[in-house]
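Protein chains: 2
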Amino acid sequence: MAAPKDPRPCSIADTLAVVGEKYSLLVLREVCLGNGRFDQLVRNIGAPRDILAARLRRLVEAGVLTKRAYSEHPQRFDYRPTAAGLELEPVLMALKEWGDRHLRHNTDLPMAMEHSCGHELVPVVTCRACGSPVHHDDLTAHPQTPGWTVRGPAATS
Amino acid sequence: MAAPKDPRPCSIADTLAVVGEKYSLLVLREVCLGNGRFDQLVRNIGAPRDILAARLRRLVEAGVLTKRAYSEHPQRFDYRPTAAGLELEPVLMALKEWGDRHLRHNTDLPMAMEHSCGHELVPVVTCRACGSPVHHDDLTAHPQTPGWTVRGPAATS
DNA sequence: GGAGGTGGGTTTGATTTTCCAACTCACAGG
DNA sequence: CCTGTGAGTTGGAAAATCAAACCCACCTCC
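Residue numbers (numbering that gives the first Met the number 0), protein chains in the order written: chain A, 0 to 156; chain B, 0 to 156.
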């Protein structure tokens, strides 16, 4: 039934609809670092204030962030990650790791992330079942949406 | 040093400058699935053709994809991931996992990814040094760029 | 009690992107 | 010759982004 023009139903696309707009993941980065105030976010991200306000509204409504008053009189707010927001950290780690490896050759040193085991964190994606690092060739995709194959929409009559 | 308005130097931001525009990661998804032809990408992603063309140029120039002629006469091309492109798959896996868990409650079944160990893939980010799954509280950030702290730009004189 | 500063935004208007449909060009098949 | 396919490009309307200015409640300093 997949009408012409419907894209592939996909959790990647759905997740990007939530956090894929410009600056959204940088907001999450700062908030995970503990920098949840509006002006900190503006400075550290470099986003226009109006856009940032829009992103914050969206992320709160999506359940990724919560807005909390850290002071009444004067009313002052900050933003903190929800449990769901913290579960997006693997996305940040994967992006950081790629950038560290491929982009950071002529620039400053990357931000160091120290793991509680005492070593510098190098994130590795592993298979929960067998524990081994996941390699592209080890994967086989099986679409489960009727009307869709790996290649695209099933041939329509 | 850290002039007003300079954002935090960061590999996450740098990586997003390469693959963070709308549709770029969906292009990578399709290309990793083996769907590298222009019309397949248009159908499966649902992107406007002109935007898609722009994204493909950018991803090729950034070294994430290669453009290859799979036929001369008529000239026909497809796009495939480079080694660097394949290394972005952890980002896709992390996005997919989050969407599967948080967004896919009233919708179709998610795409199943079968790992070569025989089980359904559930990606887990682990620390390469100690092998244990990474949890937010186990991390401590140490900026290494002069003029920057975790909180933001260092107090200027 | 006025002057200035801070935090958390909103408003305004110019600039950029995105979107969509239509178009092109080269070839292939019947 | 007529139609179809693959891989885009073109043109103009609609939407998002940008930068800077503005706002308002409160606080501190003098």
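Even for Gly, the Cβ is constructed at its ideal location relative to N, Cα and C.
Close Cβ partners of residue i (< 6 Å) along its chain, the five nearest in sequence each way excluded
| i | result |
| --- | --- |
| A:D137 | none |
| A:L58 | L64 |
| A:A1 | Because A:A1 sits at a pLDDT of 48, beneath the cut-off of 50, its placement in the model cannot be relied upon, and the following sentence gives the value as read from the coordinates. Cβ neighbours of A:A1 beyond the five flanking positions: G146 and P152. |
| B:S70 | none |
Residues that residue i contacts on chain B, provided the C-beta gap is smaller than 7 Å
| i | result |
| --- | --- |
| A:T125 | V123 and T125 |
| A:V30 | Those within 7 Å of A:V30 in chain B number zero; the least Cβ separation is about 11 Å. |
| A:A111 | H141 and Q143 |
Residue-level contact to chain A via CB, residue i, 8 Å cutoff
| i | result |
| --- | --- |
| B:D99 | yes |
| B:H114 | yes |
| B:E86 | yes |
| B:T148 | no |
| B:I11 | yes |
| B:H135 | yes |
Cβ of residue i within 8 Å of any chain B Cβ
| i | result |
| --- | --- |
| A:Q39 | yes |
| A:M0 | Its pLDDT being 48, under 50, A:M0 is placed unreliably by the model, and nothing is read from it. |
| A:V59 | no |
| A:A154 | no |
| A:P47 | no |
| A:A128 | yes |
| A:A68 | no |
| A:T81 | no |
| A:D107 | yes |
| A:H118 | yes |
Helix, strand or coil at residue i according to DSSP, with G and I counted as helix
| i | result |
| --- | --- |
| A:A128 | coil |
| B:L102 | coil |
| A:A1 | Residue placement at A:A1 cannot be trusted, given a pLDDT of 48 that sits under 50; the coordinates are not used to answer. |
| A:R36 | coil |
| B:M112 | strand |
| A:K66 | strand |
| B:P73 | coil |
| B:H141 | strand |
| A:R54 | helix |
| B:P89 | helix |
| B:R7 | coil |
| B:E119 | strand |
| A:R150 | coil |
| B:H134 | coil |
Beta-carbon separation (whole angstroms), residue i vs residue j, contact threshold 8 Å
| i | j | result |
| --- | --- | --- |
| A:G35 | A:D77 | 4 Å |
| B:K66 | A:S10 | Not quite, the Cβ-Cβ distance comes to about 28 Å (not below 8 Å), so this is no contact. |
| B:T144 | A:D107 | 4 Å |
| A:M92 | B:A140 | Contact doesn't hold; Cβ gap of about 12 Å is too wide. |
| B:A170 | A:H114 | The displayed coordinates of chain B run from 0 to 156. Any statement about residue 170 of chain B would go beyond what the structure contains. |
| B:R54 | B:S23 | 5 Å |
| B:V26 | B:L40 | 6 Å |
| B:D13 | A:G117 | Incorrect: roughly 27 Å between the Cβ atoms, too far for contact. |
Residues near residue i in its chain [Cβ-Cβ closer than 7 Å; skip 5 each side]
| i | result |
| --- | --- |
| B:G62 | T81 and A83 |
| A:R103 | P109 |
| B:V123 | P132 |
Chain-ordered chain A contacts of residue i [CB-CB under 8 Å]
| i | result |
| --- | --- |
| B:G151 | N34, Q39, R42 and N43 |
Listed by chain order, chain A residues near residue i by CB distance under 9 Å
| i | result |
| --- | --- |
| B:L64 | Residues of chain A passing the Cβ test: none, with the nearest at roughly 14 Å. |
| B:L51 | The contacting residues do not exist; B:L51 stays about 12 Å from chain A at best. |
Under 7 Å by beta carbon: chain A residues contacting residue i
| i | result |
| --- | --- |
| B:R7 | N43 |
| B:R56 | Per Cβ cutoff of 7 Å: no residues; B:R56 is ~19 Å from chain A at best. |
| B:D74 | According to the sequence provided, residue 74 of chain B is Gln. The question's Asp does not apply to it. Under the 7 Å cutoff, chain A gives no residues; its nearest Cβ is about 22 Å from B:Q74. |
Closer than 8 Å at the beta carbon, the chain B residues around residue i
| i | result |
| --- | --- |
| A:V90 | V90, A93, L94 and W97 |
Beta-carbon proximity list for residue i, same chain, < 8 Å, skipping 5 on both sides
| i | result |
| --- | --- |
| A:A68 | Q74, R75 and F76 |
| A:R79 | V30, G35, L64, T65 and R67 |
| A:L51 | Y22, V26, F37, L40, V41 and I44 |
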